[in-house]
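*Asks:* Number 161 in my numbering belongs to position 138 of the sequence shown; there are no gaps in the numbering. Input: one structure, supplied below.
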Amino acid sequence: MAGEIVVSEKPGETLRKWREIFQLSQKELATLLEVNPSVVCDFEKGRRASPGIVTVRKFVEAMVDYDSSHGGKVVNTMAGTRTNKAIVDIREFTSGISIESIIEKIEGEVLAGSEEIIERPIYGYTIVDSLKAITTFNAFGEMYGWSNERALFFSGVHYGRSPMIAVRAHPVKPRMVVYVKPKAVDPLALKLADMEKVVLVKTDLDESTIVERLRYLK
Numbered sequence: 024m025a026g027e028i029v030v031s032e033k034p035g036e037t038l039r040k041w042r043e044i045f046q047l048s049q050k051e052l053a054t055l056l057e058v059n060p061s062v063v064c065d066f067e068k069g070r071r072a073s074p075g076i077v078t079v080r081k082f083v084e085a086m087v088d089y090d091s092s093h094g095g096k097v098v099n100t101m102a103g104t105r106t107n108k109a110i111v112d113i114r115e116f117t118s119g120i121s122i123e124s125i126i127e128k129i130e131g132e133v134l135a136g137s138e139e140i141i142e143r144p145i146y147g148y149t150i151v152d153s154l155k156a157i158t159t160f161n162a163f164g165e166m167y168g169w170s171n172e173r174a175l176f177f178s179g180v181h182y183g184r185s186p187m188i189a190v191r192a193h194p195v196k197p198r199m200v201v202y203v204k205p206k207a208v209d210p211l212a213l214k215l216a217d218m219e220k221v222v223l224v225k226t227d228l229d230e231s232t233i234v235e236r237l238r239y240l241k
């Protein structure tokens, strides 16, 4: 985490990404660091010189210590070993990328989701085998990587009911669900997406092409 912030082309945006992953406001992080909230704000907006490793370490240690004192949910997710065979590819972005940009990259068609939601950023994506994902529901949380503010791509989709039913049943929701080359999309999937305020998209690109196109996003 510290290394990612230090080497990032936009360290402020990367710092903000991690702050949001740890579900801390600027004021809360500033309190942990015993600094004025404007200091955190200035770093994130690039109004201060890029933070050095010592400063970054203070930021990281503050967030990790806070999370550990509240059950360690984020830290445990980061430390966990992925054994979920349903995952085809998983990646985190160094800063937020709009859902709209992702849709454009994958030549997607929006099936459900308001314009307001589509303008929001996501911080990663996971491509999963639809059948394996449903049959290994207990490991469903592993698909969210370090943040649920991401896109879940489901391959091997026939009508799209089961993936959205699984998303609805799980307590953690993604911001975006993408069906890869579905045979058709059941109206129930659209209804569930609207109920959960999840952007539902379909694409006719195959998995390898999607991975290739998303690889260059930061």
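For each residue, glycine too, the CB sits at the ideal point set by N, CA and C.
Let me know if Val260 comes out buried or exposed under the rule of 16 or more other beta-carbons within 10 Å of its beta-carbon.
*Replies:* With the chain covering 24 to 241 only, the question about residue 260 has no answer from this structure.
*Asks:* Let me confirm a value: Lys225 is counted as buried when at least 16 other C-beta atoms fall within 10 Å, else exposed. Which label applies?
*Replies:* Taking the sequence shown and counting its residues from 1, the one referred to as residue 225 is at position 202. By the 10 Å Cβ count, Lys225 comes out buried.
*Asks:* Looking at the structure shown, is Arg105 part of a helix, part of a strand, or coil, going by DSSP?
*Replies:* Looking up residue 105 in the sequence shown gives position 82. Note that Arg105 scores 49 on pLDDT, short of 50, meaning its location in the model is unreliable and no value can be drawn from it.
*Asks:* Hey, would you say Val222 sits closer than 8 Å to Val87, going by beta carbons?
*Replies:* What you label residue 222 is simply residue 199 of the sequence shown in a count that begins at 1. What you label residue 87 is simply residue 64 of the sequence shown in a count that begins at 1. No.
*Asks:* For Asn10, count neighbouring Cβ atoms within 10 angstroms of its own Cβ and tell me buried if that reaches 16, exposed if not.
*Replies:* Residue 10 is absent from the structure shown; the chain starts at 24 and stops at 241.
*Asks:* Ignoring anything shorter than 4 residues or poking outside the segment 189–233, list the alpha helix (DSSP H) runs there in chain order.
*Replies:* Segments of the alpha helix (DSSP H) lying fully in the segment 189–233: 210–219.
*Asks:* If we call anything under 8 Å between Cβ atoms a contact, is Phe176 one with Val203?
*Replies:* Here residue 176 is taken as the residue at index 153 of the sequence shown, counted from 1. Here residue 203 is taken as the residue at index 180 of the sequence shown, counted from 1. Taking 8 Å as the Cβ cut-off, Phe176 and Val203 qualify as a contacting pair.
*Asks:* State the beta-bridge partners of Leu175 as determined by DSSP.
*Replies:* One-based indexing of the sequence shown puts residue 175 at position 152. Answer is Thr149, Val200, bridged to Leu175.
*Asks:* Put Ser121 into one of helix, strand or coil per three-state DSSP.
*Replies:* Your numbering for residue 121 matches position 98 in the sequence shown. Residue state, collapsed to three classes: strand.
*Asks:* Tell me which same chain residues have a C-beta within less than 6 Å of the C-beta of Leu215, skipping the five on either side of it?
*Replies:* Against the sequence shown, residue 215 aligns to sequence position 192. Met187, Arg191, listed in sequence order.
*Asks:* Run through the segment 56–94 for me and flag every whole beta strand (DSSP E) of 3 or more residues, listed as ranges in chain order.
*Replies:* Complete beta strand (DSSP E) runs here, min 3: none at all.
*Asks:* On a CA-only basis, which of Glu57, Lys33, Ala135 is nearest Pro210? Give me that one, please.
*Replies:* Walking along the sequence shown from the start, residue 210 turns up at place 187. Closest by alpha carbon: Ala135.
*Asks:* The beta strand (DSSP E) that contains Glu132, what's its start and end?
*Replies:* Start at 1 with the first residue of the sequence shown, and residue 132 comes out as number 109. That run of the beta strand (DSSP E) goes 132–135.
*Asks:* Give me, in chain order, the residues of the same chain whose beta-carbon lies closer than 6 Å to that of Lys206; leave out the 5 immediate sequence neighbours on both sides.
*Replies:* Here residue 206 refers to the residue found at position 183 of the sequence shown. So the qualifying residues of the chain are His181.
*Asks:* Could you check what DSSP says for Glu43 in three-state terms: helix, strand or coil?
*Replies:* Within the sequence shown, residue 43 is the residue found at index 20, counting from 1. Helix at Glu43.
*Asks:* Going by Cα to Cα distance, which pick from Ser153, Met166, Gly147, Asp152 is closest to Arg173?
*Replies:* Working through the sequence shown from its first residue, we reach residue 173 at position 150. With distances taken between Cα atoms, Arg173 lies closest to Gly147.
*Asks:* Please determine, among Met218, Ser170, Ile233, the residue with the shortest C-alpha to C-alpha distance to Ser178.
*Replies:* Start at 1 with the first residue of the sequence shown, and residue 178 comes out as number 155. Of the listed residues, the one whose Cα sits closest to Ser178 is Ile233.
*Asks:* Give the DSSP-derived three-state secondary structure of Val111 in the structure shown.
*Replies:* One-based indexing of the sequence shown puts residue 111 at position 88. Val111 falls in the strand class under three-state DSSP.
*Asks:* Quick one: is Glu32 buried, meaning 16 or more other Cβ sit within 10 Å of its Cβ, or exposed?
*Replies:* Position 9 of the sequence shown, counted from the start, is the residue given in the question as residue 32. Glu32 comes out exposed.
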